[in-house]
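Novice: Pasting a structure here, questions to come.
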Amino acid sequence: MQHKTLEYQKNTIHYYISKKENFSNTLLFAHGLTADYSMFEKQVEYFKDKINIILWDMPLHGKSKNCDFFSYNDNSDIMYNILKEENINYVTLAGMSMGGWTCQFFAAKYHNMVSGFIAIDTTPLNYKYYSKLDIWLIKHISFFAKLFPENMLKKSMAKSISKTKYSYEKMIDIYQNYTKADIIKQLDMYYKQFIIENKDISIKCPVILIAGEYDNTGKVLLYSKQWAKDIKSHLYIIKNAAHFSNADNYEEVNNIIEKFMKNKNAL
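Residue numbers (UniProt numbering): 1 to 267.
Structure, rendered in structure tokens:
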């Protein structure tokens, strides 16, 4: 993967690309909250010699950690600017958890550029899915995180989203780049902004949903089932996987993504 940068509102955004002239398909990944681009390393290993791949570190994350946070709408504009910088006009989106929210904003705003959306352990935009208790918990999650000592916070977060040793150790490795204050800021700003920007949107491209069978993060499984029903899409329940399903059982997830990339309208 080639490491590149993009300037956005006086901030330097970091992204990573594997691109070959003879590849017509491009897959753009958006990582989850408190993670970074490397959470898709098993997808990169599998797809790098098959399709173009783009990953990026969102504001407050990874090498973009010192950037200002803007909004989900801004994040979708950053993705658009990355694609234009790379002369890519058509893309399949894959968003994990919070990254799935960013992808939904992009798919709604730049629908003519999106050939498909892969929702990985994420939930839909639309207030109808969220109870008053859900909204209250989202608003206050950073407060509860403050109650944990730093090492305990990181270990508990990694354990809560992982089913396998690999995914747990991957998250612990990512967390080494963040202080407790970094994590609190990520949680606080991204969740509060989600409450502000959440809205009913229409995604016009083919969509598939992926969720780990042991995903106990919020109500991801419950909302995924309802979401799939509402948009008449297919939900894949990943065996031996929790919220970090694309790492817990990357082989199954990779196979699903590959089938979707080859024939989106058949699923």
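Ideal Cβ positions, reconstructed from N, Cα and C, are used throughout, including at glycine.
Using 8 Å as the cut-off, can you tell me whether the segment 45-52 makes contact with the segment 74-83, which would need three or more C-beta pairs spanning the two stretches below that distance?
Specialist: The segment 45-52 is not in contact with the segment 74-83.
Novice: Contact between the segment 143-163 and the segment 219-235: three or more CB pairs below 8 Å?
Specialist: Judged by Cβ distances under 8 Å, the segment 143-163 makes no contact with the segment 219-235, as fewer than three pairs qualify.
Novice: Provide the residue span of the beta strand (DSSP E) that contains Lys4, from first to last.
Specialist: Run containing Lys4: Gln2 to Tyr8, per the beta strand (DSSP E) assignment.
Novice: Give the DSSP bridge partners of Ile208, in chain order.
Specialist: For Ile208, which the question treats as bridged, DSSP gives the partners Ile118 and His234.
Novice: Less than 9 Å separating the beta-carbons of Gly105 and Tyr72?
Specialist: Residue identity differs from the one stated: residue 105 is Phe in this sequence, not Gly. Yes, Cβ-Cβ distance for Phe105 and Tyr72 is below 9 Å.
Novice: Determine whether the beta carbon atoms of Gly212 and His243 lie at a separation below 9 Å.
Specialist: Contact flag set, yes.
Novice: Let's see if you can read the secondary structure: which residues bound the beta strand (DSSP E) around Leu27?
Specialist: Residues Thr26 to Ala30.
Novice: How about Leu55 and Ile17: do their beta carbons lie closer than 9 Å?
Specialist: Yes, Cβ-Cβ distance for Leu55 and Ile17 is below 9 Å.
Novice: Thinking C-beta only, is Phe40 closer than 9 Å to Ala119?
Specialist: No. Outside cutoff.
Novice: To which residues of the same chain is Asn216 closer than 8 Å at the C-beta, ignoring the five residues directly before and after it?
Specialist: These residues qualify, in order along the chain: Ser160, Ala242 and His243.
Novice: Between which two residues does the alpha helix (DSSP H) harbouring Ala158 extend?
Specialist: Note, Ala158: alpha helix (DSSP H), Glu150 to Ile161.
Novice: With a cut-off of 8 Å on the beta carbons, I'd call Leu33 and Met98 a contact; round off their distance for me.
Specialist: Between Met98 and Leu33 the Cβ distance is about 4 Å, and since that is below 8 Å, they are a contact.
Novice: Apply the 10 Å Cβ neighbour rule to Ala181 and answer buried if 16 or more other Cβ atoms are within range, or exposed otherwise.
Specialist: Exposed.
Novice: Could you check where the alpha helix (DSSP H) with Asn81 kicks off and where it finishes?
Specialist: First-last of the alpha helix (DSSP H) with Asn81: Tyr72 to Glu85.
Novice: If we count the other Cβ atoms within 10 Å of its Cβ and call it buried at 16 or more, is His31 buried or exposed?
Specialist: Its Cβ being crowded by 16 or more others within 10 Å, His31 is buried.
Novice: Starting from the C-beta of Gln193, find all residues in its chain whose C-beta is less than 6 Å away, skip the five residues before and the five after it, and write them out in chain order.
Specialist: The residues are Ser71.
Novice: Return helix, strand or coil for Ser18, following the three-state DSSP convention.
Specialist: Strand.
Novice: Return the CA-CA distance between Lys185 and Lys4, expressed in angstroms with no decimal places.
Specialist: Rounded to the nearest angstrom, the two C-alpha atoms are 25 Å apart.
Novice: Which same chain residues end up closer than 7 Å to Lys225 when comparing Cβ atoms and leaving out the 5 residues on each side of it in sequence?
Specialist: Excluding residues within five positions, the ones whose Cβ falls inside 7 Å are Leu235.
Novice: Let me confirm a value: Ile195 is counted as buried when at least 16 other C-beta atoms fall within 10 Å, else exposed. Which label applies?
Specialist: Label assigned to Ile195: exposed.
Novice: Identify, in the order they occur along the chain, each residue of the same chain with its Cβ nearer than 6 Å to the Cβ of Lys204, setting aside the five sequence neighbours on each side.
Specialist: Excluding residues within five positions, the ones whose Cβ falls inside 6 Å are His111.
Novice: Taking only runs of the alpha helix (DSSP H) that begin and end inside the segment 99-144, which ones reach a length of at least 4 residues, in chain order?
Specialist: Entirely contained in the segment 99-144, not one alpha helix (DSSP H) run reaches 4 residues.
Novice: Less than 6 Å between C-beta atoms, sequence neighbours within five positions excluded: which residues of the same chain meet that for Asn52?
Specialist: If we look at Asn52 and ignore the five residues flanking it on each side, its Cβ neighbours are Lys19, Phe23 and Thr26.
Novice: Please report the residue range of the beta strand (DSSP E) in which Leu187 lies.
Specialist: From DSSP, Leu187 is part of no beta strand (DSSP E) but of the alpha helix (DSSP H) over Lys180 to Glu197.
Novice: At the 9 Å Cβ level, is Phe23 part of the contact set with chain C, yes or no?
Specialist: The structure shown has no chain C; it contains just one protein chain.
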